[in-house]
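Engineer:
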Amino acid sequence: KAYRGMGSLGAMAQSTGSSDRYFQDAVKDAEKLVPEGIEGMVPYSGPVRDTIYQMTGGLRAAMGYTGCPTIEALKTSARFIKVTAAGVRESHPHDVKITKESPNYKLN
1 KAYRGMGSLG
11 AMAQSTGSSD
21 RYFQDAVKDA
31 EKLVPEGIEG
41 MVPYSGPVRD
51 TIYQMTGGLR
61 AAMGYTGCPT
71 IEALKTSARF
81 IKVTAAGVRE
91 SHPHDVKITK
101 ESPNYKLN
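Each residue of the sequence shown is one higher than the last, beginning at 1 in this note's numbering.
#1: Under the assumption that GLY7 contacts PRO35 (Cβ atoms under 8 Å), give the Cβ distance between them as a whole number of angstroms.
#2: Measuring alpha carbon to alpha carbon, tell me which residue in LYS82, ALA85, ALA62 and VAL83 is nearest LEU74.
#3: Exposed or buried, which one is MET12 when buried takes at least 16 other CB atoms within 10 Å?
#4: Return the first residue and the last residue of the alpha helix (DSSP H) that ARG60 is part of.
#5: On the premise that GLY57 lies in contact with GLY5, defined as a C-beta separation below 8 Å, what is that separation, rounded to the nearest angstrom?
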């Protein structure tokens, strides 16, 4: 899927509304625009129902880990613990070559 931020060069060059938003509407030469956004491609990850299915599965697992029978109980009794980026890397599988990714566990 194509992604183009409102502050990207393409958006500001094509539309006066976008360049006006970034106070560059007086600039007539596209080479003189100073972009504040990006354009790019985002890989298609499938239907949203598949993502929702995986998210609800994760929610069910979290409720099981915390012993919370309802979402309300999860809201009131669950504790969030900050983990550093290094801690997250260490807690994930490492020193192994994953040959088949799961739908709920992607490396990137």
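Here a beta-carbon is modelled for each residue, glycine too, at the ideal position from N, C-alpha and C. If you're wondering where the values come from, they're calculated on a predicted model, not measured in any experiment.
Structural biologist: Answer, in terms of the structure:
#1: 6 Å
#2: ALA62
#3: buried
#4: 48-66
#5: Not really, about 32 Å apart at Cβ, beyond 8 Å.
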